[in-house]
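Enquirer: Numbering (this note's numbering), first residue to last: 54 to 312. By construction, the Cβ of each residue, glycine as well, lies at the ideal position given by its N, Cα and C atoms.
Shown next as structure tokens:
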């Protein structure tokens, strides 16, 4: 009985030992470095991550004040109030997983990350104005984005919707951009390429689709316009007129390096 009791004590003490090891033997800066390296090395990616205010919690929890993601060395996304908690339910599948939560502006982010590089993330009511990657286009964009993000090894797929789009395109070369009120679509990120599978815009003067890719910061995009020509003013008609393909259908190319 004494031997059995001693064995039980040892077994019960293992989790305590592991937790103490987590707290005292694994430095915060090592965890931070490993996470940042994992993002930078995923699929020859053009993405990088910097972490501020990383802290460890009990049961392998992680907390951070800020996660700053860059694409092509340009600020792309800032997540505040990040929390990651170990999820033991996935151990039965042979995976180590963490549930994650955070904020993008005042919007919410939550999901599950399964190591090494799988996961799904949901974003709700995140302001477009809080996504710095969009500012490099020289356009002021407002609205709330709802998105689902799927991570599968070196491919990140994003489907999204903005039901209350508001664009101030002062100085922009994008035709009719400020007339669109709804945005939805899908894009994927692999290595140094952002592929716009299909992004549609809808507004009071018609519809549009944006397709193409951005590779190493260089645009190869096409904006397909299907306007209600009866609602266009003279300037709008002149602006898109040279891009006509057939009556009611226009293609505007956008090529070159991002600003």
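Hey, quick one: how far does the alpha helix (DSSP H) through residue 290 stretch, first residue to last?
Expert: 287 to 294 is the extent of the alpha helix (DSSP H) around residue 290.
Enquirer: So for residue 178, helix, strand or coil by DSSP?
Expert: strand
Enquirer: Considering only residues of the same chain and omitting the five flanking positions on each side of residue 210, which have a CB-CB separation below 6 Å?
Expert: The answer, listed in chain order, is 203 and 241.
Enquirer: Does the Cβ of residue 305 have 16 or more other Cβ atoms within 10 Å, making it buried, or fewer, making it exposed?
Expert: Buried, since its Cβ has 16 or more Cβ neighbours within 10 Å.
Enquirer: Please check the pair residue 205 and residue 171, which I expect to be a contact at CB under 8 Å, by giving their CB distance rounded to whole angstroms.
Expert: About 6 Å separates the two Cβ atoms, so the contact holds.
Enquirer: Cβ atoms of residue 256 and residue 283: under 8 Å apart, would you say?
Expert: no
Enquirer: When you compare only the Cα positions, how much space is there between residue 115 and residue 192?
Expert: 36 Å
Enquirer: Exposed or buried, what is residue 287 when buried is set at 16 or more other beta-carbons lying within 10 Å of its beta-carbon?
Expert: exposed
Enquirer: Please list the terminal residues of the continuous beta strand (DSSP E) segment that includes residue 136.
Expert: 127 to 139
Enquirer: Name the two residues that bound the continuous beta strand (DSSP E) containing residue 237.
Expert: 233 to 243
Enquirer: Thinking residue 102 and residue 92 are a contact (beta carbons under 8 Å), I'd like their distance in whole angstroms, please.
Expert: Right, their Cβ atoms sit about 4 Å apart.
Enquirer: Quick test of your reading: residue 105 and residue 125, contact by CB under 8 Å. State the CB separation rounded to the nearest angstrom.
Expert: Actually they do not touch by this definition, with Cβ atoms about 21 Å apart.
Enquirer: Would you give the residue range spanned by the beta strand (DSSP E) that residue 262 belongs to?
Expert: 259 to 268
Enquirer: I'd like to check one pair, residue 279 with residue 302: are the Cβ atoms closer than 8 Å?
Expert: yes
Enquirer: Grab me the residues of residue 87's own chain with a C-beta within less than 8 Å of its C-beta, minus the 5 sequence neighbours each way, in chain order.
Expert: Correct list: empty, nothing qualifies.
Enquirer: Cβ atoms of residue 292 and residue 228: under 8 Å apart, would you say?
Expert: Taking C-beta atoms as the reference points, residue 228 and residue 292 count as a pair closer than 8 Å.
Enquirer: Could you tell me the distance, in whole angstroms, from the CA atom of residue 160 to the CA atom of residue 252?
Expert: 22 Å
Enquirer: Measuring CB to CB, does residue 130 end up less than 8 Å from residue 184?
Expert: yes
Enquirer: Starting from residue 210, trace the beta strand (DSSP E) both ways and give me its first and last residue.
Expert: 208 to 215
Enquirer: According to DSSP, is residue 281 helix, strand or coil?
Expert: coil
Enquirer: Could you tell me the distance, in whole angstroms, from the CA atom of residue 309 to the CA atom of residue 148?
Expert: 42 Å
Enquirer: Using three-state DSSP, classify residue 188 as helix, strand or coil.
Expert: helix
Enquirer: Using alpha carbons as the reference points, say which of 181, 201 and 189 lies closest to residue 195.
Expert: 181
Enquirer: Is the separation between the beta-carbon of residue 239 and that of residue 268 shorter than 8 Å?
Expert: no
Enquirer: Residue 321 bridges to which residues according to DSSP?
Expert: Because the chain is modelled from 54 through 312, residue 321 falls outside the range shown and cannot be assessed.
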